[in-house]
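Number of protein chains: 2
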Amino acid sequence: MDLPPGTDAHLESSAPPLADFAALAVRAAQLLRTPQALVNLSPAEATCVVEHMRLVHFAKGVTLLREGDRTRVDFMLLLLDGDVSVETSAGGASDAVSIAVVGPGSVIGEMALLDGAPRSTSCIALSPGRAAGLSSKELERLIESHPQVAAKLLVGLASRIADRLRGLGEQLQMYAKLSLDLQAEVARLRASARR
Amino acid sequence: MDLPPGTDAHLESSAPPLADFAALAVRAAQLLRTPQALVNLSPAEATCVVEHMRLVHFAKGVTLLREGDRTRVDFMLLLLDGDVSVETSAGGASDAVSIAVVGPGSVIGEMALLDGAPRSTSCIALSPGRAAGLSSKELERLIESHPQVAAKLLVGLASRIADRLRGLGEQLQMYAKLSLDLQAEVARLRASARR
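Chain order of the listed sequences is D and F.
Going by our numbering, the first residue of the first sequence is number 20, and it counts up by one from there.
Going by our numbering, the first residue of the second sequence is number 20, and it counts up by one from there.
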């Protein structure tokens, strides 16, 4: 499935199964494993997940996920190659701000896939690349057919979301401290202006 | 299992099974369901999870989770009653700051349970209360014995973590905007002081 520049990504059931591309399928299975999680996918289990994924080719500039999108929320992507900018319209600014650049091994879009809420950030391809897509239907099928594999995948996905939450928490602490320092500076400058 | 004031919580395997307390077990099963998630626990499946949980009584002032703790990370708690303050030592401040108060139906500690990382916040009981505890061992047992139920529970837990991530993202945007405004105010005051 090819996504040309200027398009928004979606995951069609006509996209080719990743399993048809042996080398990429092996790479995806390796990237899916989350060694630090409570339970981890074995290589065979990761291969089982990959059998439910589809290959997505994207051009530079493609919007893989769009912040606020409520319709195309039924898939996640495991990046196989290429760089992707994660962007947000911070604090109601009109221009989106890049908050991270992610690459191979990163999973994007799993939050909306799991909870059905609108996409929380935009993800824009900075280069051409490839991703392994998992649709909500395929995830439901995996839970039906291989529930133990699905459970381990879900521990891994939850673990990745938790990791981002920890990172964001640290950023928030930094901003909270910066705001306090700036407030103190404003108070100091105002006091000396009054003298 | 009773936790008196001034103690840190842990979850002993000697704590009484929640299933021994019929009314509380029914309540826990109801609170476990996450209607907005991709797949939701049925009442029977929620009851199956509850059969792996233990009852924890806590006094006011008990530290249910301690920020940075690397040892007692092998359990999560579903609050059944009582109020709990979620606290963080924001930006290296010596005093912890309360960032939220959570009550019945809230799950705390699931992140460290799933990814094994140190606790990201402290959770302090503001009142006496009760919680349903799930240990990592029991979760692993559930994945073994009822993988489909475990998978659905994990979708629900991931969904709750995602929800917190979205909330924190909004807070971060607010702080980012506040910092920009304050920086502009500092620049303005400095310029007028120079005149």
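Glycine is no exception: its CB is placed at the ideal position from the N, C-alpha and C atoms.
Could you tell me the alpha carbon to alpha carbon distance between Pro-54 (chain F) and Asp-134 (chain D), rounded to whole angstroms?
Numbered from its first residue, the second sequence carries residue 54 (chain F) at position 35. Numbered from its first residue, the first sequence carries residue 134 (chain D) at position 115. Taking the straight line from one Cα to the other gives about 9 Å.
Indicate the three-state DSSP secondary structure (helix, strand or coil) for Met-95 (chain D) in the structure shown.
The residue given as residue 95 (chain D) occupies position 76 in the first sequence. In this structure, Met-95 (chain D) counts as strand in the three-state DSSP scheme.
Quick check: the stretch 139-158 of chain F against the stretch 69-78 of chain F, are there 3 or more CB pairs under 8 Å?
yes
Output the distance between the C-alpha atoms of Leu-184 (chain F) and Arg-179 (chain D), rounded to the nearest integer angstrom.
Stepping through the second sequence from its first residue, residue 184 (chain F) is reached at position 165. Stepping through the first sequence from its first residue, residue 179 (chain D) is reached at position 160. Straight-line Cα distance between these residues: approximately 11 Å.
Going by other Cβ atoms of all chains shown within 10 Å of its Cβ, with 16 needed for buried, is Arg-209 (chain D) buried or exposed?
In the first sequence, residue 209 (chain D) corresponds to position 190, counting from 1. It is exposed - the Cβ of Arg-209 (chain D) has fewer than 16 other Cβ atoms within 10 Å.
Just tell me which of D:Thr-90, D:Phe-40, D:Thr-107 has its CA closest to the CA of Val-120 (chain D).
By 1-based counting over the first sequence, the position of residue 120 (chain D) is 101. Measuring C-alpha to C-alpha distances from Val-120 (chain D) to each of D:Thr-90, D:Phe-40, D:Thr-107 identifies D:Thr-107 as the nearest.
Give the secondary structure of Gly-175 (chain D) by DSSP, where H, G and I count as helix, E and B as strand, and everything else as coil.
What you label residue 175 (chain D) is simply residue 156 of the first sequence in a count that begins at 1. Residue state for Gly-175 (chain D) is assigned as helix, using DSSP reduced to three classes.
What does a CB cutoff of less than 6 Å around Asp-100 (chain D) pick up in its chain, not counting 5 residues either side in sequence?
In the first sequence, counting from the first residue as 1, residue 100 (chain D) sits at position 81. The residues are Pro-123, Gly-148, Arg-149.
Just to confirm my understanding: we take Arg-160 (chain F), look at its own chain, exclude 5 residues before and 5 after, and list those with CB closer than 8 Å. What are they?
Here residue 160 (chain F) corresponds to residue number 141 of the second sequence, with the count starting at 1. Excluding residues within five positions, the ones whose Cβ falls inside 8 Å are His-71.
Of all the CB atoms in chain F, is at least one closer than 7 Å to the CB of Val-174 (chain D)?
As a working mapping, residue 174 (chain D) is identified with position 155 in the first sequence. So yes, Val-174 (chain D) belongs to the interface.
Using 7 Å as the limit for Cβ to Cβ distance, is Asp-88 (chain F) near chain D?
Position 69 of the second sequence, counting from 1, holds the residue named residue 88 (chain F). With 7 Å as the cut-off, Asp-88 (chain F) does not count as an interface residue toward chain D.
Identify each residue in the stretch 152-172 of chain F for which the Cβ-Cβ distance to at least one residue of chain D is less than 9 Å, and report them in chain order.
Ser-155, Leu-158, Glu-159, Leu-161, Ile-162, Glu-163, His-165, Pro-166, Gln-167, Val-168, Ala-169, Ala-170, Lys-171, Leu-172
If we call anything under 7 Å between Cβ atoms a contact, is Arg-91 (chain F) one with His-29 (chain F)?
As a first step, residue 91 (chain F) is located in the second sequence; it is residue number 72 there, counting from the start. As a first step, residue 29 (chain F) is located in the second sequence; it is residue number 10 there, counting from the start. Yes; because the gap between Cβ atoms is below 7 Å, this pair is in contact.
Using the three-state DSSP reduction, which class does Leu-60 (chain F) fall into: helix, strand or coil?
Along the second sequence, one-based indexing puts residue 60 (chain F) at 41. Coil at Leu-60 (chain F), not helix or strand.
Tell me the DSSP bridge mates of Glu-106 (chain F)?
By 1-based counting over the second sequence, the position of residue 106 (chain F) is 87. F:Ser-117, F:Ser-141.
Return the chain-ordered list of same chain residues with a C-beta closer than 7 Å to the C-beta of Thr-66 (chain F), the five sequence neighbours on each side being excluded.
Reading the second sequence from its first residue, position 47 is the one you call residue 66 (chain F). Exclusion of the five residues before and after Thr-66 (chain F) leaves Ala-48 as the residues of its chain whose Cβ lies within less than 7 Å of its Cβ.
Determine whether the beta carbon atoms of Ser-125 (chain F) and Leu-98 (chain F) lie at a separation below 7 Å.
What you label residue 125 (chain F) is simply residue 106 of the second sequence in a count that begins at 1. What you label residue 98 (chain F) is simply residue 79 of the second sequence in a count that begins at 1. The answer is yes: Cβ separation under 7 Å.
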